[in-house]
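Notes follow once the structure below has been shown.
In our numbering, the protein residues as written are 286 to 744.
Structural data, given as structure tokens:
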């Protein structure tokens, strides 16, 4: 579904004649709406009576969101507002069901097989996403060559809907334990309000993150006789401030990235006049290099730690958008995408692991709530800044270069927030990811599978 559906929404906006700025907004604004639903997903699960019912509802909404897209492609017309609404419904289903999905998986998959199971699941989902991405690109190129480009979009949107409905069927077949959700909801709200002294998150997992695309092993951390990691900075002193600085950095980077990120597809398809074959090749190369790099970075992290990895990624992503200014030669762009995949892999794995190292368990829900809200605002804020710059500069290749350069400057300035961050050492068994989206900038919308992590003392 991701490979042949969501990945081509910006391209569809261009093909149907909505313009380059509109295509950029379609890639960003709907995420704000979908992310906002995460804030009510806890209560929604209680209203629906189980995590399974809520997830089925969200997944079905995702599948049905492709129906109006199919009709729009067949009729050849749709406005910007309707397209934004449809894309928002898609992300509402995708992001709204993410938090309870993690808890649901904990109740379904036994702890002893989780790392192996989810590692296999991650590899399978990556392969399927890549195949769908390439297959959809081939369909679009073929239909464009024959003068039926929009029919190609209709075909891939129909396929995305059917794939998601097939997924819903298998989700429906899962059997889960029954719970008193009214009592669970009261306990979660009470736990969150009480400062989370129990060390268990509002979703019954040890820390939430609703965010690449690969899993990596990450093990380190000797512990003293009390079960605490050696050399740990006390959580009551510098760690909460370090956590705030980390989240502030992530938000700042998000805004800087979004100044240019949503506009890579318009730049490639309109300014560079790339074919769909070239377009999907660059997309797939970035995705594939990130998969490989995430696995490698995960194995290397124990040597230098998550903080060093985040610094490598943070510095590495600074020039990436500006590299698109250097040349429009396809070979050069392929090299840029390969480097981008490697650097974004380091950044995303580093910040996810640092999230667990800098934030004590009892602080995570409060800090994560702040991060989710601020991150959504930053995402849309960056996209609107990019749109205004593009509009004020009159479009054209040089206007995009300003966006790319501004994005790099923003990423560089954000690095100042990384100084002084202290981290405690935790053992993480394995990081496995859910593929939620593929981006040309290789900054993805994927989310970690939390049940593959364990950061309890003495674990």
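No residue lacks a Cβ here, since even glycine has one placed at the ideal position from N, Cα and C.
Helix, strand or coil: how does DSSP classify residue 286 here?
coil
Classify residue 576: buried if its beta carbon has 16 or more other beta carbons within 10 angstroms, exposed otherwise.
buried
Run of the alpha helix (DSSP H) containing residue 603, from where it starts to where it stops:
Neither: residue 603 is in no alpha helix (DSSP H) and is coded neither H nor E.
With residue 611 and residue 617 assumed to form a contact (beta carbons below 8 Å), what rounded beta-carbon distance in angstroms separates them?
7 Å
Given a cut-off of 8 Å, decide if residue 344 and residue 449 are closer than it, judged by their beta-carbon atoms.
Yes, the pair counts as a contact, with Cβ atoms nearer than the cut-off.
Backbone secondary structure at residue 362 - three-state DSSP:
coil
Quick one, which of 656, 609, 706 and 287 has its alpha-carbon nearest residue 693's?
609
Would you call residue 673 buried or exposed, if buried means 16 or more other Cβ atoms sit within 10 Å of its Cβ?
exposed
Alpha-carbon spacing of residue 319 relative to residue 369, whole angstroms
Rounded to whole angstroms, residue 319 to residue 369 spans 11 Å at the Cα level.
Could you tell me whether the stretch 373–392 touches the stretch 415–432, using the rule of 3 or more Cβ pairs below 8 Å?
no
Whole-angstrom distance between residue 572 and residue 551, CA atom to CA atom
19 Å
Determine the direct distance from the alpha carbon of residue 412 to that of residue 626, and round the result to whole angstroms.
16 Å
Roughly how many angstroms separate the alpha carbons of residue 699 and residue 536, rounded to a whole number?
9 Å
Please list the segments of the alpha helix (DSSP H) lying wholly inside the stretch 386–431, counting only runs of 4 or more residues, in order along the chain.
399–430
For residue 432 and residue 556, the rounded distance between their alpha carbons
Taking the straight line from one Cα to the other gives about 21 Å.
Identify whether residue 580 lies in helix, strand or coil by the three-state DSSP scheme.
helix
Could you check what DSSP says for residue 312 in three-state terms: helix, strand or coil?
In the structure shown, the three-state DSSP call for residue 312 is coil.
Does the distance from the CB of residue 569 to the CB of residue 415 come in under 8 Å?
yes
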